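Worksheet for the structure shown next.
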Amino acid sequence: MKKLLTKIIATSLTTVSFAGVLTITATPNASAASWHKGSPKAFTGSWKLNGLSTYKFTKSKITVFGKGGGTSKSMYKYLGHKKYAIKYMNQGYHYKETFTYINSHKLKGQGFYLTR
């Protein structure tokens, strides 16, 4: 009787601990969508390079004055620590650029700085 009770307790503890491990590891991590439509709110407005308008970000689109110029829908992805990847299509070419938001008057691109 004592052996049977010990066996039942040991089996029950094993089953409960195994179920607990499954519950902890089977829970999926929730995360936001990685690519979002439009432009980051902080980027909204016109940005200049050397005094000439280069980029204009709106809620849903980007206008590029270089690279042949044009307006297109954009998407962005937050990369961490105020860094964003922006992708858009301009005159049939796909572009993906990385910008770092420094402050409300300055953006750092890949090798250049933009000002308002």
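Residue numbers (our numbering): 266 to 381.
Glycine included, each C-beta is placed from N, C-alpha and C at the ideal position.
What you are looking at is a predicted structure, and each value in this text was computed from that prediction instead of being measured.
Of all C-beta pairs linking the region 347-357 to the region 321-333, three or more are shorter than 8 Å, placing the two stretches in contact. Residue pairing by DSSP leaves residue 276 without any beta bridge partner.
It is roughly 11 Å from the alpha-carbon of residue 375 to the alpha-carbon of residue 348. Check the Cα spacing between residue 301 and each of 344, 368 and 380: the tightest is with 344.
Taking residue 310 as the centre and dropping the five residues before and after it, the same chain places the C-beta of 321, 322 and 381 closer than 8 Å to its C-beta, in chain order. Of the candidates 299, 316 and 379, 379 places its Cα closest to the Cα of residue 366.
Taking all protein chains shown into account, residue 339 has 16 or more neighbouring C-beta atoms within 10 Å of its C-beta and is therefore buried. Within the model, the alpha-carbon separation for residue 336 versus residue 361 is close to 15 Å. DSSP places residue 359 in the uninterrupted beta strand (DSSP E) bounded by 358-368.
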